[in-house]
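Reading through the structure tokens given below for one structure.
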Amino acid sequence: MLIRNIGEFNLINRISANLGSPSRYVIAGIGDDSAVLHSSGNRLQLVTTDMLVEGVHFRASTASPFQIGWKSLAANISDIAAMGGEPTYAFVSIGLPKDTDVEFVDDIYSGMKEIAEQYSVDIVGGDTVSSPEIIINISLLGEVEPENCILRSGAEVGDAVFVTGDLGGSSAGLEILERKLPLDKKEKHLMPIPRVHEGRLLAKSGCVTAMIDISDGLASEIHHICKQSGTGAEIFMKYIPLSDNVPIVAEYTGKDPYHFALYGGEDYELLFTCKPEKVPYIREIFTINTDLTMIGNIVENDRSVCIRDLSDRLIMLNSGGYDHFSTEKRGKNGKDD
Ligand code: ADP
Ligand code: MG
0 MLIRNIGEFN
10 LINRISANLG
20 SPSRYVIAGI
30 GDDSAVLHSS
40 GNRLQLVTTD
50 MLVEGVHFRA
60 STASPFQIGW
70 KSLAANISDI
80 AAMGGEPTYA
90 FVSIGLPKDT
100 DVEFVDDIYS
110 GMKEIAEQYS
120 VDIVGGDTVS
130 SPEIIINISL
140 LGEVEPENCI
150 LRSGAEVGDA
160 VFVTGDLGGS
170 SAGLEILERK
180 LPLDKKEKHL
190 MPIPRVHEGR
200 LLAKSGCVTA
210 MIDISDGLAS
220 EIHHICKQSG
230 TGAEIFMKYI
240 PLSDNVPIVA
250 EYTGKDPYHF
260 ALYGGEDYEL
270 LFTCKPEKVP
280 YIREIFTINT
290 DLTMIGNIVE
300 NDRSVCIRDL
310 SDRLIMLNSG
320 GYDHFSTEKR
330 GKNGKDD
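Its first residue numbered 0, the sequence shown is counted upward by one per residue in numbering that gives the first Met the number 0.
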């Protein structure tokens, strides 16, 4: 059997099943945005890791090394934000072709250093190897108080579904870069802003039952929450907040604007569920510069994950977010993996 026939998520499930249960007690292992482990202090230890490969996640021709460095750490910080946590220490491993300019590496690290400083992350180790392509793997630690740790699995029937910010801006930005469209507004793709402050505020509110960051597209992430919570969901297309570059890029490319939000990925906004009686409270406390939008509800498992389209038809929502091994889809940079 080839991995392209089962896809990324089935492969991860298979790896997880083959590994079996961990020997020590873990609060959350494979399957959430970060692993949640006990620590000797009074906060839980969070650990996450992500790998970026040139030609799949970025191209040196369309992203500067500073932006590549920024984005590689941003993706990891976002996974800590999705747990309601704060990032702490990072390990950065890089694989580089021998003829890479030293200054290129300097610039990758200045991008990482910039975002690391903004989010109080210290880079404390890593590994350096020779490789045919540029590969960056970051492992990031974080911390969260036990009462503020939000898993993907806590959604309950009747909960409201919210997103922070707006969606589709990253994949629309990628289209601008790839097709060399005469438009600006590429920054959401090149230098995403992880939602740590928002994640902390949401987690501390006591209103949030499940949370995930949107790295693979809204459609994929709502399926993860529902699968792990044993629920279904109904999403309203008309409420999905589209980024400001989406309508114009949709026009240029002939694509449905909602396609960017549902299947685009790399927006690094937070998708979360909120107890229904707490909806007014969550709106009230959320006074910082990020919009919150209610986009649907959690429903019974047997109602599956559906979307009400703009004509008010209820249709099954295909999970089809970004899958690294799917044959039908193309790589994050438009290139076949
Ligand atoms: P995210 O998009 O939030 O970074 P992923 O889809 O990459 O999450 O991973 C989902 C879960 O599977 C995470 O808990 C991750 O740690 C785990 N995982 C992914 N790949 C592997 C692997 N090769 N071996 C073990 N666990 C993995
Ligand atoms: Mg994630």
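Beta carbons: idealized from backbone N, C-alpha and C, even for Gly.
About 5 Å separates the CB atoms of Glu197 and Thr163; that is less than 8 Å, so the two are in contact.
Tyr88: member of the beta strand (DSSP E) spanning 85 to 95, first to last residue.
Looking only at Ala260, Ala202, Ser129, the smallest Cα-Cα distance to Ile213 is reached by Ala260. Taking 8 Å as the cut-off, one finds no heavy atom of the ligand MG near enough to the beta carbon of Ala232. Cβ atoms of Thr230 and Val298 come within 8 Å of each other, at about 7 Å. Per the Cβ contact rule, the region 118 to 128 is in contact with the region 92 to 110 (3 or more Cβ pairs under 8 Å). Within the DSSP bridge table, the entry for Gly124 names Phe90 as partners. Boundaries around Thr292 are those of the beta strand (DSSP E), 291 to 298, since no alpha helix (DSSP H) includes it. Relative to Leu150, the option among Asp255, Lys226, Ile314 whose CA is nearest is Lys226. At a Cβ-Cβ threshold of 9 Å, Glu85 and Glu146 do not count as neighbours. In the structure shown, Arg151 adopts helical secondary structure according to DSSP, grouped into three states. Fully contained in the region 8 to 44 are the following beta strand (DSSP E) runs of length 3 or more, in chain order: 34 to 36. Assignment of Ile5 by DSSP, reduced to helix, strand and coil, places it in the helix class. Judged by DSSP secondary structure, Asp78 falls within the alpha helix (DSSP H) whose first and last residues are 64 to 80.
No heavy atom of the ligand ADP is found nearer than 8 Å to the CB of Phe271. Taking a cut-off of 8 Å for Cβ pairs, the region 58 to 71 and the region 105 to 112 touch, as three or more such pairs fall below it. The straight-line gap separating the alpha-carbon atoms of Asp165 and Lys185 is approximately 14 Å.
Non-local beta-carbon contacts of Tyr257 in its own chain, meaning distances under 7 Å to residues more than five positions away in sequence, involve Met236, Ile239 in chain order. Pairwise C-beta distances place the region 198 to 208 in contact with the region 261 to 273, as three or more of them are shorter than 8 Å. When C-alpha distances from Lys97 are compared across Arg307, His37, Ile134, Gly28, the shortest belongs to Ile134. In the three-state reduction of the DSSP assignment, Cys305 falls in the strand class, which pools E and B.
Under the DSSP definition of a beta bridge, Thr48 partners with Ser138. Judged by DSSP secondary structure, Met315 falls within the beta strand (DSSP E) whose first and last residues are 313 to 315. The beta-carbon separation of Ala81 and Asp32, rounded to 4 Å, stays under the 8 Å limit for a contact. One Cα belongs to Leu51, the other to Asn136, and the distance between them is close to 6 Å.
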